[in-house]
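Engineer: What follows is a single structure, and I will ask about it in a moment.
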Amino acid sequence: KISKGAMKIAHGKKSGTLYKTAGACYLIAVATNENPNLWHQRLGHMSEKGMKIMHSKGKLTGLRSIKIDMCEDCILGKQKRVSFQTSEKIPKKERLELVHYDVWGPMTVPSIGGKQYFLTFIDDHFRKAWIYFLKHKSKLFEAFKIWKAMVGNETRLKIKKLRTDNGGEYEDTKFKKFCYEHGIRMERTMPGTPQHNGVAERMN
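Each residue of the sequence shown is one higher than the one before, counting from 131 in my numbering.
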């Protein structure tokens with residue numbers, strides 16, 4: 131007998147090493163497998179046609195009919211992105227009118243000098259590229275000032291616009307202030323769209 135205080139919870143008889151309780155079963159929970167939408171998810175969002183083939187071969191026992199409701203996951207998974215405009219493929223007419231830049235790294239094997247990143251600047255007009263090797267991403271602003279001084283002396287031209295992605299290394303307040311004071315417009319691409327900075331991305 132099993133009891134809690136004065137309340138008897140269960141009673142039964144010992145049979146060998148087991149105790150068999152006596153009592154009525156009031157509720158029986160039975161799992162059902164008659165939901166086609168549930169099976170659709172279990173089978174990796176299989177098509178309705180594929181499920182009907184399996185059902186005809188007796189592989190989906192318990193299902194009376196194969197009728198799948200609208201599946202939001204399937205709709206989202208089959209969506210395609212809108213193609214990107216090709217207008218940016220036309221190079222700018224002037225040198226340094228638009229400069230693409232990007233940072234790549236860290237490299238698994240550092241250089242002899244311990245540098246694991248490289249920074250590229252690409253002129254949209256000539257597609258000429260300048261490459262700087264960095265130990266840390268934080269050295270980006272320092273490398274940019276060196277590069278700006280060099281191309282300014284070589285071309286006697288001013289940089290009008292810089293384009294890059296949305297990496298956190300480009301959020302340097304000093305970098306932004308420097309560009310503002312020198313009349314350089316900073317252009318950021320939309321998150322998750324490397325195509326908008328394809329010139330630098332292909333280089334890296």
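No residue lacks a Cβ here, since even glycine has one placed at the ideal position from N, Cα and C.
Whole angstroms are fine: how far does the CA of Lys-150 sit from the CA of Met-137?
Structural biologist: Counted from its first residue, the sequence shown places residue 137 at position 7. Counted from its first residue, the sequence shown places residue 150 at position 20. Each residue's Cα considered, the two are about 19 Å apart.
Engineer: One question on the structure: do Thr-294 and Leu-226 come within less than 8 Å of each other, judged by their Cβ atoms?
Structural biologist: Start at 1 with the first residue of the sequence shown, and residue 294 comes out as number 164. Start at 1 with the first residue of the sequence shown, and residue 226 comes out as number 96. Contact flag unset, no.
Engineer: If you draw a straight line from the C-alpha of Glu-202 to the C-alpha of Thr-250, how long is it?
Structural biologist: By 1-based counting over the sequence shown, the position of residue 202 is 72. By 1-based counting over the sequence shown, the position of residue 250 is 120. So the alpha carbons of these two residues sit roughly 42 Å apart.
Engineer: Considering only residues of the segment 270-321, which uninterrupted alpha helix (DSSP H) runs meet the minimum length of 4 residues and lie entirely inside it, listed in chain order?
Structural biologist: 270-285 and 303-311
Engineer: For the beta strand (DSSP E) containing Gly-142, name the first residue and the last one.
Structural biologist: Position 12 of the sequence shown, counting from 1, holds the residue named residue 142. Looking at the DSSP string, the run of the beta strand (DSSP E) that includes Gly-142 is 137-145.
Engineer: I'd like to check one pair, Lys-291 with Leu-228: are the Cβ atoms closer than 8 Å?
Structural biologist: Position 98 of the sequence shown, counted from the start, is the residue given in the question as residue 228. Position 161 of the sequence shown, counted from the start, is the residue given in the question as residue 291. Closer than 8 Å, so yes.
Engineer: Classify Phe-274 as buried or exposed, calling it buried when 16 or more other Cβ atoms lie within 10 Å of its own Cβ.
Structural biologist: Residue 274 sits at position 144 when you count from the first residue of the sequence shown. Under this definition Phe-274 is a buried residue.
Engineer: Could you say which of Arg-194, Tyr-231, Phe-263 and Gly-142 lies nearest to Asn-167 if we only look at CA atoms?
Structural biologist: Numbered from 1 along the sequence shown, position 37 holds the residue referred to as residue 167. The residue with the shortest Cα to Cα distance from Asn-167 is Arg-194.
Engineer: Spatial neighbours of Lys-182 within its chain, please: C-beta separation below 6 Å, excluding the five flanking residues on both sides.
Structural biologist: Sequence index remark: in the sequence shown, residue 182 carries index 52 (1-based). Here the set comprises Ile-196.
Engineer: Please go through the same chain and pick out, in chain order, the residues whose beta-carbon is closer than 8 Å to the beta-carbon of Lys-223, but skip the five residues on each side of it.
Structural biologist: Position 93 of the sequence shown, counting from 1, holds the residue named residue 223. Closer than 8 Å at the Cβ level, and outside the excluded window around Lys-223, lie His-255.
Engineer: Measure how close the beta-carbons of Asn-296 and Arg-315 come, nearest whole angstrom, since I'm counting them as under 8 Å.
Structural biologist: The residue labelled residue 296 in the question sits at position 166 within the sequence shown. The residue labelled residue 315 in the question sits at position 185 within the sequence shown. Not really, about 16 Å apart at Cβ, beyond 8 Å.
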